[in-house]
Ligand code: SF4
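Here it is, written out as structure tokens:
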């Protein structure tokens, strides 16, 4: 079938097959974005674009998985290995609270030194002291690591985490859900089967996924990207059909910059963002990553294409992200006219994206000026900004 025919089918709201979605990679970007925009208007509030105010806390850089694209991690006895104390985490939470944040993403490496009780104790502390802040914590990779460490099932672990205060499970560690690609770039990564099992278990237990994602630029084929999208679509289909109490809330896609791997010390990015452990390290690594952070035009166009294709393929995931920080406001505005309805990364102005801002010579600071820029970008794209919480409920700004 020609790409034009596939776009025609997409515009009438029909579900696209795997081979049809692959054909979309041949479509001109403007036609693709126009169809994705129609789909976005049908499947999400046609007037609103969401944004979120929150932060990211990278609690440990100790990790045994050793992904080939990650510079963040350190082996456990490495001199730069670091795990934040509860007091340090509390301090970062106070910073998020001070600028009015209502969401925190807490993620790190797979650290065998931390017992499971460390996570449940932390969650209870956060719920006691910061009840207004939605806690998205751990990833399927970290849950899998805890299964190995404790010998307990994901179901038992997630139920205890939920009862201790876990609000949502970020769908990180997916990259490309293809065994071939995973073996190539991170052979120790959680397998596709286990990633799916853990995400579905969380939905069954009523723990929403704050977002699921795809990372391109790892040597994957078009077919493997489409396979990835269809795995996500099928998870959501099953959640809807079986009436699971939670669903996949949002999707986002970003480019991997493989110029920056652990073989290129001090310059490491995932999706264009450096992964330091704190703001001091963010500033320290800022200079070397400056060039790596400039997204070339072809990457931006590729990004917009992936945003549009994902919107057309994932007909059952309501919210799709536009990355303003790593891709820039101009590209984010284009993404908002080509399938996206959520300004992602607003909730990530801390260690990870702090480094991006530091590299651009802008110190990380969530303030009225930054929020005004985000709001303006949304208006420039023709929508009304709506501040949301971690579960996509509207909040007063
Ligand atoms: S990406 Fe995550 S799992 Fe992989 S090495 Fe880095 S911290 Fe570990």
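Numbering (our numbering), first residue to last: -13 to 383.
We treat Cβ as the ideally placed atom computed from N, Cα and C, and that holds for glycine.
As the structure is a prediction and not an experimental result, all values here were calculated from the model.
For residue i, which residues of its own chain have a beta-carbon under 7 Å away from its beta-carbon, when the five flanking residues on both sides are left out?
i           : result
residue -8  : 2, 6, 9, 10
residue 250 : Note that residue 250 scores 32 on pLDDT, short of 50, meaning its location in the model is unreliable and no value can be drawn from it.
residue 361 : 371
residue 304 : 29, 30
residue 12  : -11
residue 116 : 79, 83
residue 96  : 49, 50, 51, 127, 128, 131
residue -4  : 2, 21, 25, 298
residue 257 : Legend: pLDDT at residue 257 = 33, less than 50; position of this residue unreliable, value from coordinates given subsequently. Closer than 7 Å at the Cβ level, and outside the excluded window around residue 257, lie 201, 240, 241, 242, 312.
residue 209 : 8
residue 320 : 290
residue 23  : 323, 324, 325
residue 118 : 88
residue 17  : -7
Verify whether the separation of the beta carbon atoms of residue i and residue j is less than 9 Å.
i           : j           : result
residue 72  : residue 108 : yes
residue 44  : residue 94  : yes
residue 197 : residue 236 : yes
residue 131 : residue 91  : no
residue 297 : residue 324 : yes
residue 326 : residue 363 : no
residue 220 : residue 214 : no
residue 185 : residue 229 : no
residue 62  : residue 98  : yes
residue 175 : residue 199 : no
residue 191 : residue 145 : yes
What residues in its chain sit with their C-beta under 8 Å from that of residue i, if we drop five residues either side in the sequence?
i           : result
residue 204 : 55, 161, 162, 167, 170, 171, 242, 244
residue 353 : 85
residue 381 : 88, 373, 374, 375
residue 143 : 102, 129, 132, 133, 136
residue 105 : 123, 124, 132, 147, 150
residue 359 : 315
Please identify the residue among the options whose C-alpha is closest to the C-alpha of residue i.
i           : options            : result
residue 64  : 114, 358, 48       : 48
residue 164 : 152, 177, 153      : 177
residue 138 : 103, 118, 159      : 103
residue 189 : 207, 206, 232      : 232
residue 282 : 314, 296, 301      : 314
residue 76  : 206, 112, 328, 18  : 112
residue 293 : 140, 122, 202      : 202
residue 222 : 200, 194, 212      : 194
residue 121 : -5, 98, 149        : 149
residue 289 : 307, 140, 368, 302 : 307
residue 110 : 147, 156, 141      : 147
residue 153 : 175, 17, 218, 125  : 125
residue 379 : 27, 118, 36        : 36
residue 226 : 187, 175, 68, 302  : 302
residue 369 : 34, 27, 68         : 34
residue 4   : 173, 118, 212, 155 : 212
residue 366 : 357, 377, 355, 316 : 316
residue 183 : 141, 81, -6        : 141
residue 27  : 355, 328, 310      : 328
residue 53  : 173, 309, 377      : 173
Provide the residue(s) that pair with residue i in DSSP beta bridges, ordered along the chain.
i           : result
residue 329 : 37, 308
residue 380 : 374
residue 317 : According to DSSP, which records beta bridges pairwise, residue 317 is partnered with nothing at all.
residue 31  : DSSP lists no partner for residue 31.
residue 123 : 92
residue 43  : 92
residue 48  : 60
residue 239 : 200
residue 384 : Residue 384 is absent from the model: the chain starts at -13 and stops at 383.
residue 69  : 46
residue 189 : Residue 189 is not bridged to any residue.
residue 234 : 195
Among the residues of its own chain, which have a CB less than 6 Å from the CB of residue i, if the five just before and after it don't count?
i           : result
residue 19  : 294, 324
residue 70  : 45
residue 333 : Here the model assigns residue 333 a pLDDT of 47, short of 50, so the residue's position is not dependable, and the following value carries that caveat. Excluding sequence neighbours, residue 333 sits near 38, 40, 89.
Taking Cβ positions only, does residue i come closer than 9 Å to chain C?
i           : result
residue 109 : The chain labelled as chain C is not found in the depicted structure, where only one protein chain is given.
Alpha helix (DSSP H) segments (min. 4 residues) lying fully within the segment 196 to 230:
208 to 227
Scan the segment 142 to 183 and note each continuous alpha helix (DSSP H) run of 4 residues or more that stays entirely inside, going in chain order.
165 to 171
Enumerate, from N- to C-terminal direction, the unbroken beta strand (DSSP E) stretches of 3 or more residues contained entirely within the segment 71 to 117.
89 to 93
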